[in-house]
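Peer 1: Take 4 as the starting number for the sequence shown in the numbering used here and just add one per residue.
Built from N, CA and C at the ideal position, the CB exists for glycine as well.
Nothing here was measured: the structure is a model prediction, and the numbers come from that model.
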Amino acid sequence: MKKMESVRSDLPSLVTPLPGPKASAVIERDGAVVSPSYTRCYPLVAARGEGTIVEDIDGNRFLDFTAGIAVVATGHSHPKIVAAIQAQAERLIHMSGTDFYYENLVDLAEKLASLAPGGAPKRVYFGNSGTEAIEAAIKMTRYHSGRGQFIAFYGSFHGRTMGSLALTASKSIQQKEFFPVMAGAHHVPYPYCYRCAYGQTPDQCAVDCVKVIEEQLFRHKLPPEDTAAIFVEPVQGEGGYVVPPKKFFGELRRLADRHGILIVADEVQSGMGRTGRMFASQHFDLVPDVIAVAKGIASGLPLGATIARAEVMNWPPGAHASTFGGNPVANAAALATIELLEKELIDNAARVGEHLLNRLRDLPRRFRMVGDVRGLGLMIGIELVRDQETKERAPELRDRLEKMCFERGLLVLGAGPNSIRLSPPLVITKDQADFAADTIERCLGAI
Ligand SMILES: Cc1ncc(COP(=O)(O)O)c(C=O)c1O
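1) Tell me the residue span of the alpha helix (DSSP H) that contains Gly253.
2) Is it the case that the Cβ atoms of Leu47 and Leu414 are separated by a distance below 8 Å?
3) How close, in whole Å, do the beta carbons of Ala50 and Val332 come, if the pair is a contact with beta carbons under 8 Å?
4) What do you reckon, is the C-beta of Thr134 under 7 Å from a heavy atom of ligand 1?
5) Going by beta-carbon coordinates alone, are Ser491 and Gly307 separated by less than 8 Å?
6) Is the beta carbon of Gly384 less than 8 Å from the beta carbon of Gly243?
7) Quick one: what's got a C-beta closer than 6 Å to Phe221's C-beta in the same chain, skipping five residues either side?
8) What does DSSP give as the partner residues of Asp1 in its beta bridges?
9) For Thr134, report the span of its alpha helix (DSSP H) as first-last.
10) Output the boundary residues of the beta strand (DSSP E) element that contains Asp437.
11) In the DSSP output, what is Gln152 paired with across the bridge?
12) Ligand 1 and Glu138: does the residue's C-beta get closer than 7 Å to at least one heavy atom of that ligand?
13) Which first and last residues belong to the alpha helix (DSSP H) in which Thr340 is found?
14) How about Phe181: is its Cβ closer than 7 Å to a heavy atom in ligand 1?
15) Just mark Lys125 as buried or exposed, buried being the case when its beta carbon has 16 or more other beta carbons within 10 Å.
16) Check the C-beta distance from Leu458 over to Gly253 and give it rounded, since I have them as a contact under 8 Å.
17) Is DSSP giving Leu360 helix, strand or coil here?
18) Can you grab the Cα-Cα spacing for the pair Gln203 / Gly166, in whole Å?
19) I want to check one thing, is the minimum distance from the CB of Gln391 to the heavy atoms of ligand 1 below 7 Å?
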């Protein structure tokens, strides 16, 4: 690897071969004691972070286009988030909001309830992660509806606990040897227009992705009156950063309303400003009955929230709770995060996201291994193929691109079998977006 030093503090600077000596030592110790189920795609050993820059343990600086898997919305260790965490930690670290009251739990619930789309009053349940936000939605929609079954989409990722895992249909390794997961989860194709399951083009599309639910699933297998909820990611995350057409959500809402089925929007990855709106649902005029959020909500502290119409969250005391959920320190971080999002970062995500997408949009014309580029705000996917005509997936090229970017100081992650996801912190500048686009172009040119 070439030594690369940039004098600019907002761009990468590599000062050792990768991994450096200290990183290699940590990776070796990790290999002996840490769960082998983790999937590390390159040897980054993070030591500190500031804004969009992550420094590794050997002093190499990287431009982070992963945000710790779409988590640090306000960037790494934003001073206002650090100050909010410190101030709260000095006052009260834990009390358990399920058994006692504290004010910032109410502050955050009020804030999230006011932000969620739709005019109806809302209530909020707090957990610690995305999967917990989904588990709460599973139990709540079952309780509310008295129905036991669910619909979700192929390619979706909703978490790894036994309920959310049943809804997840991303990679079969995630379910391998874990059968039986929760019963009653049924999957249909997601509106993935680049690879339409029905051979349609977006302009001819008659929203077969919704029709199939009525005409196949309900006819042959799943009684609609047994269906509690449809779980849907407004932009599919782990599945490859797939953006559906707007008409899909209108049709889905009509189908759900016809049968009294609830819609749960899993905004764990797409929410909290990432797409240039607070919730991705807002791009599609979707008013979900329930929204699950986590990841970006507290700039890196563990927090998940399930926001529902008050009428839907009608379970009684004792039905569901969590010792740590809605921890005061995480709540303080979330309130400070939301303030920054509303003040400037959602706008920045929309503005820089559009600039970045415009820079990348013509990659398929210039590089024959790029099949598709798509995205909303700072949630952008680049899909790699062996052949643009056949659209044969190229997972090995994707893995190579991911590694080549790392070797040039740019952190990106894969999504789906053959896509790269770009999900930088929302504080990213246009210059940094240009650096990332230039780096990706150079890597594609070198493949
Ligand atoms: C859309 C979506 N839902 C749920 C989850 C699960 O979140 P967690 O890993 O915090 O449990 C993820 C994680 O990637 C996700 O992207």
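Peer 2: From the atom records:
1) What you label residue 253 is simply residue 250 of the sequence shown in a count that begins at 1. Its alpha helix (DSSP H) spans residues Lys249 to His262.
2) For this step, residue 47 is matched to residue 44 along the sequence shown. For this step, residue 414 is matched to residue 411 along the sequence shown. Against a cut-off of 8 Å, the Cβ pair of Leu414 and Leu47 comes out as a contact.
3) Position 47 of the sequence shown, counted from the first residue, corresponds to residue 50. Position 329 of the sequence shown, counted from the first residue, corresponds to residue 332. Contact doesn't hold; Cβ gap of about 22 Å is too wide.
4) Locating residue 134 in the sequence shown gives position 131, counting from the first residue. It does: the Cβ of Thr134 is within 7 Å (strictly closer) of some heavy atom of ligand 1.
5) There is simply no residue 491 to check, as the chain begins at 4 and stops at 450 in what is shown.
6) Counting from one through the sequence shown, the residue named residue 384 turns up at place 381. Counting from one through the sequence shown, the residue named residue 243 turns up at place 240. Yes, these two residues count as a Cβ contact at 8 Å.
7) For the purposes of this step, residue 221 is identified with residue 218 of the sequence shown, where counting begins at 1. Excluding positions up to five away in sequence, the list reads Pro227.
8) Outside the displayed range of the chain (4 to 450) lies residue 1, so it cannot be described from this structure.
9) What you label residue 134 is simply residue 131 of the sequence shown in a count that begins at 1. From DSSP, the alpha helix (DSSP H) with Thr134 extends over Gly133 to Ser148.
10) Position 434 of the sequence shown, counted from the start, is the residue given in the question as residue 437. Run containing Asp437: none in the beta strand (DSSP E); it sits in the alpha helix (DSSP H), Lys433 to Ala449.
11) Residue numbering aside, residue 152 sits at position 149 when the sequence shown is read from its first letter. DSSP, once it has assigned bridges, lists Thr230 as partnering Gln152.
12) Here residue 138 is taken as the residue at index 135 of the sequence shown, counted from 1. No, since every heavy atom of ligand 1 falls outside the 7 Å radius drawn around the Cβ of Glu138.
13) As a working mapping, residue 340 is identified with position 337 in the sequence shown. Its alpha helix (DSSP H) spans residues Pro331 to Leu343.
14) Your numbering for residue 181 matches position 178 in the sequence shown. For Phe181, the shortest C-beta to heavy atom distance toward ligand 1 is 7 Å or greater.
15) Translated into the one-based positions of the sequence shown, residue 125 becomes position 122. It counts as buried.
16) The structure shown has nothing for residue 458, since the chain only spans 4 to 450.
17) Position 357 of the sequence shown, counting from 1, holds the residue named residue 360. Three-state result, Leu360: helix.
18) Numbered from its first residue, the sequence shown carries residue 203 at position 200. Numbered from its first residue, the sequence shown carries residue 166 at position 163. Near 33 Å, if we compare the C-alpha coordinates of Gly166 and Gln203.
19) Stepping through the sequence shown from its first residue, residue 391 is reached at position 388. False, no ligand heavy atom lies under 7 Å from that Cβ.
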